[in-house]
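Numbering (the numbering used here), first residue to last: -17 to 421. Glycine residues also receive a C-beta, built at the ideal position from the N, C-alpha and C atoms. All values reported here derive from a predicted model rather than from experimental measurement.
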Ligand SMILES: Nc1ncnc2c1ncn2[C@@H]1O[C@H](COP(=O)(O)OP(=O)(O)O)[C@@H](O)[C@H]1O
Ligand SMILES: [Mg+2]
């Protein structure tokens, strides 16, 4: 692994003032040549650095081609409190989360209220919060199971994730508890908070912070009718990079997210991002009989999976960096990581985008819903340059998540400055033409 100051990125090219200059690709591809040449001898054809870079990224991306999941969420824009839940909760007197009291607690011992400060919910609290898992409160369905919007007695909105019956290996009950306890200790403004859990008979339920404004994927699909502009997309990328850096660096031991993807990025009303489901993938076991070694099973989502992890089963923080690279391309292009209805060359979005980037046509990857201008052109080049590094075929070629955050920070700074100077020159041009008209 490279030290934090190691300049794989320090050879960053300079851009001309109009922001349109294509990067110096020989600088960019150096790391690819060294990382791919370690895999064996190369023919003379392979000496073209651009071709080598494209081929190594393309190979890496192709090797993790798996058909896409087809899931759509039904909760977009659903930020209204469930009325019946409010009715029920109005009968309670307590407002402290630590004193949640189940409506069924007097009739069923197993549903008594939990200890103050405990993470264990009672089934009564869960029933009450979700109105007995009312279908009207269902907000999503994912690999883990069904997600309901709920409201705790103190008024806090939560997302209640009810595991599919076969999603957990029955051997991992204790791991489940300790894992959730560990996750609940992790607090960061860009991470979805874990409130607690419940194991009840064959049910496993996790209660997490409810984030009201839909997923990043839904916003890229414009389901709300509003286009997510590039400034907002950059802010979201930075939020995600900060959250994942925190998981990798600042917790007791590194937490690898394992499932970074646009539907795990939830947005607040102010379009700030909260990363969901960190560490969850480790809890989920294969439903195959006899699968007990959860930690060695490949978990993640098609299109985002690190090819090196797929090949070696060795999971490191850099697998998250790879997924983050896929996410960056998704943010720029608006496309899903795998678009099976497109022409063969465009089906794997990251491969298509990296080819355009290395050919000097980065701007052609821009989401057609976004407008081109010098600030956008420059930002797209730089974001894709970072994506290319994140998508390096081996982990040594990828930056740390912290470095990604720093680079995105500087991309945002340049983007803001250039956008502001564009605006200034536009307004001075319009002032000038107005004064000419007055004369
Ligand atoms: N904490 C949450 N707050 C609001 N909505 C959520 C939350 N967690 C999940 N959802 C919704 O439920 C859907 C399914 O979530 P999940 O089971 O994690 O599957 P996936 O991550 O594959 O989409 C999400 O796409 C999202 O729409
Ligand atoms: Mg999720």
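Among all the DSSP beta bridges, which residues are the ones paired with residue 132?
140
So is residue 105 in contact with chain B if we call contact Cβ pairs under 8 Å?
Protein chains in the displayed structure number just one, and chain B is not present.
When DSSP labels each residue in this structure, what does residue 323 get in the three-state scheme?
coil
Are the CB atoms of residue 284 and residue 311 within a distance shorter than 8 Å?
no
Backbone CA spacing between residue 185 and residue 159 [nearest angstrom]:
13 Å
Taking only runs of the alpha helix (DSSP H) that begin and end inside the segment 188 to 242, which ones reach a length of at least 4 residues, in chain order?
198 to 202, 212 to 231
Rounded to whole angstroms, what's the CA-CA distance from residue 355 to residue 397? Just pull it up for me.
11 Å
Please confirm whether any heavy atom of ligand 2 lies closer than 7 Å to the CB of residue 259.
yes
Quick one: using the 10 Å Cβ neighbour count with 16 as the cut-off for buried, is residue 326 buried or exposed?
exposed
Would you kindly report the start and end of the unbroken beta strand (DSSP E) that includes residue 248?
247 to 249
What residues in its chain sit with their C-beta under 6 Å from that of residue 258, if we drop five residues either side in the sequence?
174, 246, 248
If I measure Cβ to Cβ from residue 349 and keep anything under 6 Å in the same chain, skipping five residues before and after, which residues do I get?
315, 316
So what does residue 257 bridge to, in DSSP terms?
173, 247
From the DSSP output, which residues share a beta bridge with residue 307?
Answer by DSSP bridge pairing: none, since residue 307 is not bridged.
Leaving out the 5 sequence neighbours to the left and right, which residues in its chain are closer than 7 Å to residue 403 when beta-carbon positions are compared?
none
In the DSSP assignment, find the unbroken alpha helix (DSSP H) run with residue 108 in it and report its ends.
105 to 112
Would you mind sorting residue 367 into buried or exposed? The rule is 16 or more other CB atoms within 10 Å of its CB.
buried
Alpha carbon of residue 260 to alpha carbon of residue 237, nearest angstrom:
8 Å
Ligand 2 heavy atoms versus the CB of residue 246: any closer than 7 Å?
yes
For residue 397, does the three-state DSSP call read helix, strand or coil?
helix
Going by Cα to Cα distance, which pick from 107, 287, 384 is closest to residue 178?
107
For residue 454 versus residue 194, is the C-beta spacing smaller than 8 Å?
Limits of the chain in this structure are -17 at one end and 421 at the other, which puts residue 454 out of reach.
Please state whether the Cβ-Cβ distance between residue 216 and residue 393 is less than 8 Å.
yes
Label residue 295 either buried or exposed according to how many other C-beta atoms from any shown protein chain fall within 10 Å of its C-beta, with 16 as the threshold for buried.
exposed
Using a 10 Å radius around the Cβ and a threshold of 16 neighbouring Cβ atoms, would you call residue 11 buried or exposed?
With a pLDDT of only 34 at residue 11, under 50, the local geometry of the prediction cannot be trusted, and the value read off the model is given with reservation. It is buried - the Cβ of residue 11 has at least 16 other Cβ atoms within 10 Å.
On the criterion of 16 or more Cβ atoms from any shown chain inside 10 Å, does residue 341 qualify as buried, or is it exposed?
exposed
Looking only at its own chain, which residues have a Cβ that is under 6 Å from the Cβ of residue 182, when we skip the five neighbours before and after it?
105
Are there any heavy atoms of ligand 1 lying less than 7 Å away from the beta-carbon of residue 306, as far as the coordinates show?
no
So residue 123 is in the beta strand (DSSP E); what residue range does that whole segment cover?
120 to 123
Does DSSP classify residue 101 as helix, strand or coil?
coil
Measuring straight from C-alpha to C-alpha, what distance separates residue 255 and residue 146?
27 Å
Could you tell me the distance, in whole angstroms, from the CA atom of residue 322 to the CA atom of residue 308?
16 Å
Have a look at residue 243 and residue 282 and give me their C-alpha separation to the nearest angstrom.
9 Å
What's the gap between the Cα of residue 376 and the Cα of residue 383?
15 Å
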